[in-house]
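Let me begin by presenting the structure, written as structure tokens, before commenting on it.
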Amino acid sequence: MILVEFLQQNYWAFLLCVILIGLVVGSFLNVVIHRLPKMMEQQWRRDCQEEFGGNLDEQDTDPYNLNRPASHCPKCGYKIRPWENIPVISWLMLKGRCSQCKTAISPRYPIIETVSGIMSAAVAIHFGFTWATLAALLLTWALIALSMIDFDVQLLPDNITLPFLWLGLVLSLGTIFTDPRSAIIGAAAGYLSLWSVYQLFKRLTGKEGMGYGDFKLLAMLGAWLGWHYLPQIILLSALVGAAVGILLIVLRGRDRNIPIPFGPYLAAAGWISLMWGEQINTAYLHWSGMM
Numbered sequence: 010m011i012l013v014e015f016l017q018q019n020y021w022a023f024l025l026c027v028i029l030i031g032l033v034v035g036s037f038l039n040v041v042i043h044r045l046p047k048m049m050e051q052q053w054r055r056d057c058q059e060e061f062g063g064n065l066d067e068q069d070t071d072p073y074n075l076n077r078p079a080s081h082c083p084k085c086g087y088k089i090r091p092w093e094n095i096p097v098i099s100w101l102m103l104k105g106r107c108s109q110c111k112t113a114i115s116p117r118y119p120i121i122e123t124v125s126g127i128m129s130a131a132v133a134i135h136f137g138f139t140w141a142t143l144a145a146l147l148l149t150w151a152l153i154a155l156s157m158i159d160f161d162v163q164l165l166p167d168n169i170t171l172p173f174l175w176l177g178l179v180l181s182l183g184t185i186f187t188d189p190r191s192a193i194i195g196a197a198a199g200y201l202s203l204w205s206v207y208q209l210f211k212r213l214t215g216k217e218g219m220g221y222g223d224f225k226l227l228a229m230l231g232a233w234l235g236w237h238y239l240p241q242i243i244l245l246s247a248l249v250g251a252a253v254g255i256l257l258i259v260l261r262g263r264d265r266n267i268p269i270p271f272g273p274y275l276a277a278a279g280w281i282s283l284m285w286g287e288q289i290n291t292a293y294l295h296w297s298g299m300m
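Set out below in structure tokens:
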């Protein structure tokens, strides 16, 4: 209670605390982003073995989860010490290399930690010392993980989307971001809207334009923010996705037939709506009234 009162009365201490937590969570998100897809793949192979028989590979029998094995260098197997795992600082101190074999460590790790810290700070500044900040932080961290996993392997794990969908519905009982009626309609409308587009596109072209994970992600955002933010999220994600897709084709010569994951754009649009959705809607209504 003393710490809570201190943070409530000292804005800068509260903000610094949120930033530090965001950096630490960002380090954990790196583990989730890297390991969760592999855990899912391992479980799929086990399920296939149980269904169709056959022997499991050694990699499928060894313990592999978010805790085990301990963090180590993929090149030499050196186990990373706690002081070598401090968010951002350790990477800078090690000059981006393993302390044993000097293999380069991807700068992506400190980047994700930094992004997590910055986005956490933005949430704290926007919502202040409220329950909304705690809820928004959880959603922010989930969206970071989902974006990076989808970017890497074109998957949006149910392990994240479904629990957060239900959490959004539960939070609506306290009307933190929206009311229960809007949350329920938002979850249903979010899923069905993209599902309908998917079915129409598939019938017209014979191709799958997006995955079911995208439907669940938009349903999750609808549960958190309410149905009235769905058009804004879809429009923002489509605009950002189209712009990035065109840039990739023009600047990098990306093959147009190679799928571009839609999840990161949905997640980015959802976060923008979480933070500034009301202002965007107000500005649009003001602008349309002047036309």
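To get this note's numbering, take the position in the sequence shown, counting from 1, and add 9.
Note that beta-carbon positions come from the ideal geometry of N, C-alpha and C, so glycine has one too.
Discussion item. Counting only beta-carbon separations shorter than 7 Å, does Gln163 have a partner in chain D?
Written reply: The structure shown has no chain D; it contains just one protein chain.
Item to complete: For Lys88, write down the residues that DSSP places opposite it in a beta bridge.
Response: His81
Worksheet entry | Residue from Gly286, Thr123, Tyr207 and Ile169 whose Cα sits closest to the Cα of Met229 | Ile169
Worksheet item: Tell me which same chain residues have a C-beta within less than 6 Å of the C-beta of Ser191, skipping the five on either side of it?
Response: Gly235 and Trp236
Worksheet item: Among residues of its own chain, excluding the 5 on either side of Leu45, which ones have a beta-carbon nearer than 7 Å to its beta-carbon?
Response: Ile158, Pro166 and Asn168
Item to complete: Count the other CB atoms, across all protein chains shown, that sit within 10 Å of the CB of Leu244; report buried if there are 16 or more and exposed otherwise.
Response: exposed
Worksheet item: What residues in its chain sit with their C-beta under 6 Å from that of Lys84, if we drop five residues either side in the sequence?
Response: Cys110 and Thr112
Discussion item. Would you call the stretch 149-163 in contact with the stretch 119-139, where contact means no fewer than 3 C-beta pairs closer than 8 Å?
Written reply: yes
Worksheet item: Straight-line CA distance for Gly199 to Tyr274?
Response: 15 Å
Fill in: Residue environment, Glu287, which counts as buried when at least 16 other CB atoms sit within 10 Å
exposed
Worksheet item: Name the DSSP beta bridge partners of Ala113, please?
Response: Arg106
Item to complete: On a CA-only basis, which of Ile185, Ile269, Gln163 and Trp204 is nearest Leu283? Give me that one, please.
Response: Ile185
Item to complete: Could you check what DSSP says for Thr184 in three-state terms: helix, strand or coil?
Response: coil
Worksheet item: Taking the alpha carbon of Val33 as the point to measure from, which residue in Asp161, Pro119, Leu257 and Ala276 has its own alpha carbon closest?
Response: Pro119
Discussion item. Can you tell me where the alpha helix (DSSP H) holding Asn39 begins and where it ends?
Written reply: Tyr20 to Phe61
Discussion item. Taking its Cβ as the centre, do 16 or more other Cβ atoms sit within 10 Å of Ala276, making it buried, or is it exposed?
Written reply: buried
Worksheet item: For Ile98, which of Ser246, Thr123 and Phe61 has the nearest alpha-carbon?
Response: Thr123
Practice prompt. Select from Ile255, Leu226 and Gln52 the residue whose C-alpha is nearest the C-alpha of Ala154.
Written response: Leu226
Worksheet item: Less than 7 Å separating the beta-carbons of Trp140 and Gly177?
Response: no
Discussion item. Alpha carbons only, please: which of Leu75, Glu60, Val27 and Phe37 is nearest the one belonging to Lys47?
Written reply: Leu75
Item to complete: In angstroms with no decimal places, state the Cα-to-Cα distance between Asp223 and Leu294.
Response: 28 Å
Worksheet item: Taking the runs of the alpha helix (DSSP H) that are 4 residues or longer, which of them lie wholly in the stretch 138-215?
Response: 140-162, 167-181 and 189-214
Fill in: Pick from Gln241, Ile28 and Val259 that is closest to Ile281, judged by C-alpha positions
Gln241
Worksheet item: Skipping 5 residues on each side, what residues in its chain have a beta carbon closer than 7 Å to that of Ala196?
Response: Leu174, Leu178, Ala228, Gly231 and Ala232
Worksheet item: Out of curiosity, what's the CA-to-CA distance linking Ala278 and Asn94?
Response: 31 Å
Discussion item. Please classify Ala133 as buried or exposed, where buried requires at least 16 other C-beta atoms within 10 Å of its C-beta.
Written reply: buried
Item to complete: Within the same chain, show all residues whose beta-carbon is closer than 8 Å to that of Leu239, passing over the 5 residues directly before and after it, in chain order.
Response: Gly195, Ala198, Gly199, Ser202, Leu227, Leu230 and Gly231
Practice prompt. Kindly list the residues whose CB is nearer than 8 Å to the CB of Asp188, restricted to its own chain and excluding five residues on each side of it in sequence; keep chain order.
Written response: Ser181 and Gly235
Discussion item. What does the Cβ neighbour count give for Pro270, buried or exposed, with the cut at 16 atoms within 10 Å?
Written reply: buried
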